[in-house]
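> One structure, pasted below without further comment.
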């Protein structure tokens, strides 16, 4: 009988994983992948393009090769790997670097205080009670990083939502907590009969409107300003709440589901998409760690399973609930009024 | 012809990897694995044992399950997985949590400044020029975290060095930069004819002596105090420099190799072990990221390949160089005088 030896490799790899995250964040921050848009660059060209010192440059670029973000050819020139070219080139509409910037500027430093968050049960980012997004959005630079991060997140999931929901059966959509509106933009782009827009706090309006205008969709998508903790929600055939409910405690979660139910017309549909934890809470490390992120960042937020959400949605009155996998991490639950 | 679709999964996983590191660090800091030494604990017992608030406890423990550090049985009790039981239980001699504490207290916060380190080429931890270990060791708590971290690192590699070098052919060993002496302790434990000790800065002495005494080896292993930047090295049949050279610039690296050569008796051997970068600098992410760690932490340090080291060792006079793989990350190069 063979017994596999116990090695420390898994533990050591986990312990050092933060270095790989930071190498990626710095590469995005410094514009490495965007600098390689127009073709390969040798060490010295790339180094001067992005403005870093000689000392760490070669190790940095070779780290990105070893992390399978860059490739290096036989004469030592670096180029983007296929994933970096698609998702990390700032000039492309598929750019998701905004989410990485958000992790770099907010996630990584706040996670420093995980132990303290666990001991106290309290957020470690100075979150005020009430709608913390109001505070966050009062700082323009924070607002920008955050809405661009949300756009990156929405881009990851929008093609699947545009493809997997029966949009031919409805005319209007409202995305609740829409940020720049990347999700309704993708739906409207693919389904030319759909109109609607997004709902978010008033300071988000210019970010939404400029993004939507750039996509040539200002005629079909408009911004609705409001605070969903105090105001009623606008109505549409389909309402979407994506990565919204996890920010809030269970009382607010169910209040928001009730508000959505009340705003919908008869036979209207609510789509909730989220990084769902598996029902057994056994394998979904990203969902469970996202929930610890809510511990660090919010007063009462937490991530949840499809089973949890099903109970809350049924309680709000939704029926005919169905689950669809969207990406390797995210799923949507659709309910009908 | 099938073309694999480009997915963002790899990028997103890298970007979130820091959360997994921090969950592990907090678990070590809070003593989760040590609390489970004597058997499984349910959520409430484990939570109160380690002193954390209710809010994040279940997500935290379930994250550790999803990260394959803990296991949870059918009645909801948590227990250590085999790797955590072996390497993360503070009561065991195989404990490597010291290295994770070191990452948690020093590595993670300093890596916050990677972009700045790349831009300037300068360390971001306030490292003074000269022997920065002198500064570090003047703070007792930093000294303790650091030497325990080094012990964890030495434990990972010591069994392989004890097994893969022909110790039957020599009588004495000196470990240069020995910290608590975990490496000579393991060699002396396995090879009962070997005597010697470790060389490090004077403030390390009590940490070495108490560790060696606890292993019952005070009669065979003694501490040699000195600063290898200024003082000659003590002599022995075999000298070891492990994870030392990467801290220094190339001038200091070669100076240290020359000093080791001069200290050795004829036919003596030098073992250099390190997280070697692959010669093509193509696949060894841990080695390349370790070199970026040196950028952040030191004035001139960098990691290197076996090919680099071979040149330096030959230049110092060593011959008959041979390489041995020690662990999945570390290798040793042995040279003869």
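Residue numbers (the numbering used here), protein chains in the order written: chain A, 17 to 353; chain B, 17 to 353. Beta carbons are placed, not taken as given, at the ideal position from N, Cα and C, and that holds for glycine. A quick note: this is a predicted structure, and the numbers were derived from the prediction, not measured.
Could you name the residues of the stretch 44 to 56 of chain A whose beta carbon sits closer than 8 angstroms to any beta carbon of chain B, in the order they occur along the chain?
Per Cβ criterion, the list reads 45, 46.
> Just confirm the distance between the C-beta atoms of residue 26(B) and residue 312(B), as a whole number of angstroms; I'd bet it's less than 8 angstroms.
Working through the second chain from its first residue, we reach residue 26(B) at position 10. Working through the second chain from its first residue, we reach residue 312(B) at position 296. No, residue 26(B) and residue 312(B) are not in contact; Cβ-Cβ is about 24 angstroms, not under 8 angstroms.
> Alpha carbon to alpha carbon, what distance is there between residue 99(A) and residue 66(A)?
As a first step, residue 66(A) must be located in the first chain, where it is residue number 50. As a first step, residue 99(A) must be located in the first chain, where it is residue number 83. Answer to the nearest angstrom: the Cα atoms are 20 angstroms apart.
> With C-beta atoms as the reference, is residue 189(B) less than 7 angstroms away from residue 260(B)?
Against the second chain, residue 189(B) aligns to sequence position 173. Against the second chain, residue 260(B) aligns to sequence position 244. Not closer than 7 angstroms, so no.
> Is the beta carbon of residue 173(B) closer than 7 angstroms to that of residue 342(B)?
Counted from its first residue, the second chain places residue 342(B) at position 326. Counted from its first residue, the second chain places residue 173(B) at position 157. Yes, the Cβ-Cβ distance between residue 342(B) and residue 173(B) is below 7 angstroms.
> What would DSSP say about residue 154(A), mapped onto helix, strand or coil?
Numbered from its first residue, the first chain carries residue 154(A) at position 138. Three-state DSSP puts residue 154(A) in coil, outside helix and strand.
> If I follow the unbroken beta strand (DSSP E) through residue 212(B), where does it start and stop?
Here residue 212(B) corresponds to residue number 196 of the second chain, with the count starting at 1. Element bounds for residue 212(B): 211 to 216.
> Can you grab the Cα-Cα spacing for the pair residue 195(B) / residue 107(B), in whole Å?
By one-based count along the second chain, residue 195(B) stands at place 179. By one-based count along the second chain, residue 107(B) stands at place 91. Answer to the nearest angstrom: the Cα atoms are 20 angstroms apart.
> At a Cβ threshold of 7 angstroms, is residue 323(B) touching chain A?
For this step, residue 323(B) is matched to residue 307 along the second chain. No, its Cβ sits nowhere closer than 7 angstroms to a Cβ of chain A.
> Return the bridge partner residues of residue 96(A) from the DSSP annotation.
Numbered from 1 along the first chain, position 80 holds the residue referred to as residue 96(A). According to DSSP, which records beta bridges pairwise, residue 96(A) is partnered with 86(A).
> Does DSSP put residue 226(A) in a helix, a strand or coil?
Numbered from 1 along the first chain, position 210 holds the residue referred to as residue 226(A). If DSSP states are grouped into helix, strand and coil, residue 226(A) belongs with the helices.
> Could you check whether residue 346(B) and residue 291(B) sit closer than 7 angstroms to each other, using their CB atoms as the reference points?
Looking up residue 291(B) in the second chain gives position 275. Looking up residue 346(B) in the second chain gives position 330. It is a contact, given that the beta carbons lie within the stated cut-off.
> Tell me the DSSP secondary structure of residue 17(B) in three-state form.
Taking the first residue of the second chain as position 1, residue 17(B) is located at position 1. Legend: pLDDT at residue 17(B) = 43, less than 50; position of this residue unreliable, value from coordinates given subsequently. Three-state DSSP puts residue 17(B) in coil, outside helix and strand.
> To which residues does DSSP link residue 347(B) through a beta bridge?
For the purposes of this step, residue 347(B) is taken as residue 331 along the second chain, with counting starting at 1. Note: residue 347(B) sits in a beta bridge opposite 290(B), 341(B).
> I need the DSSP call for residue 238(B), collapsed to helix, strand or coil.
Here residue 238(B) corresponds to residue number 222 of the second chain, with the count starting at 1. Residue 238(B): strand per DSSP, three-state reduction.
> Could you name the residues of chain A that residue 71(B) contacts, counting a contact when the two beta carbons are closer than 9 angstroms?
If you number the second chain from 1, residue 71(B) lands on position 55. Here the neighbours are 133, 134, 136, 137, 138, 311, 316, 318.
> With H, G and I counted as helix, E and B as strand and the rest as coil, what does DSSP make of residue 124(B)?
In the second chain, residue 124(B) corresponds to position 108, counting from 1. In this structure, residue 124(B) counts as helix in the three-state DSSP scheme.
> With a 10 Å radius around its C-beta and 16 neighbouring C-beta atoms as the bar for buried, classify residue 144(B) as buried or exposed.
Here residue 144(B) refers to the residue found at position 128 when the second chain is read from its first residue. With a pLDDT of 48 at residue 144(B), under the threshold of 50, the predicted position of this residue should be treated as unreliable, and no value is reported.
> DSSP beta-bridge partners for residue 258(B)?
Locating residue 258(B) in the second chain gives position 242, counting from the first residue. In the DSSP output, where bridge partners are listed per residue, residue 258(B) has 289(B).
> Give the single residue among 38(A), 348(A), 209(A), 319(A) whose Cα lies nearest to the Cα of residue 131(B).
What you label residue 131(B) is simply residue 115 of the second chain in a count that begins at 1. Answer by Cα proximity: 38(A).
> Are there 16 or more other CB atoms within 10 angstroms of the CB of residue 118(A), so buried, or fewer, so exposed?
Here residue 118(A) is taken as the residue at index 102 of the first chain, counted from 1. The residue in question, residue 118(A), is buried, as its Cβ has 16 or more Cβ neighbours within 10 Å.
> Taking Cβ to Cβ, would you say residue 75(B) is nearer than 7 angstroms to residue 159(A)?
Walking along the second chain from the start, residue 75(B) turns up at place 59. Walking along the first chain from the start, residue 159(A) turns up at place 143. Cβ atoms of residue 75(B) and residue 159(A): not closer than 7 angstroms.
> Please identify, using Cβ separations under 8 angstroms, the residues of the stretch 119 to 130 of chain A that lie next to chain B, in order along the chain.
If the cut-off is 8 angstroms between Cβ atoms, the stretch 119 to 130 of chain A has 119, 123, 124, 125, 127, 128, 130 near chain B.
> In chain B, what lies closer than 8 angstroms to residue 298(A) by C-beta?
Taking the first residue of the first chain as 1, we reach residue 298(A) at position 282. Ordered by position in chain B, the residues that pass the 8 angstroms Cβ test against residue 298(A) are 78, 81, 82, 88.
> Can you list the residues of chain B that residue 302(A) reaches, using a CB-CB cut of under 7 angstroms?
Walking along the first chain from the start, residue 302(A) turns up at place 286. In chain order: 32.
> Could you tell me whether the stretch 317 to 330 of chain B touches the stretch 220 to 228 of chain B, using the rule of 3 or more Cβ pairs below 8 angstroms?
The stretch 317 to 330 of chain B, when compared against the stretch 220 to 228 of chain B, does not touch it at the 8 angstroms Cβ threshold.
> Under 7 angstroms between beta-carbons, which chain B residues line up against residue 307(A)? List them in chain order, please.
Within the first chain, the letter at position 291 stands for residue 307(A). Residues of chain B passing the Cβ test: 75.
> Taking DSSP as the reference, what is the three-state secondary structure of residue 299(A)?
Here the question's residue 299(A) lines up with position 283 in the first chain. DSSP places residue 299(A) in coil when its eight states are reduced to three.
> When you compare the CB positions of residue 87(A) and residue 72(A), do they come within less than 7 angstroms of one another, or not?
Against the first chain, residue 87(A) aligns to sequence position 71. Against the first chain, residue 72(A) aligns to sequence position 56. The answer is no: Cβ separation not under 7 angstroms.
> Tell me where the alpha helix (DSSP H) around residue 65(B) begins and ends.
The sequence position of residue 65(B) within the second chain is 49, counting from 1. Run containing residue 65(B): 59 to 66, per the alpha helix (DSSP H) assignment.
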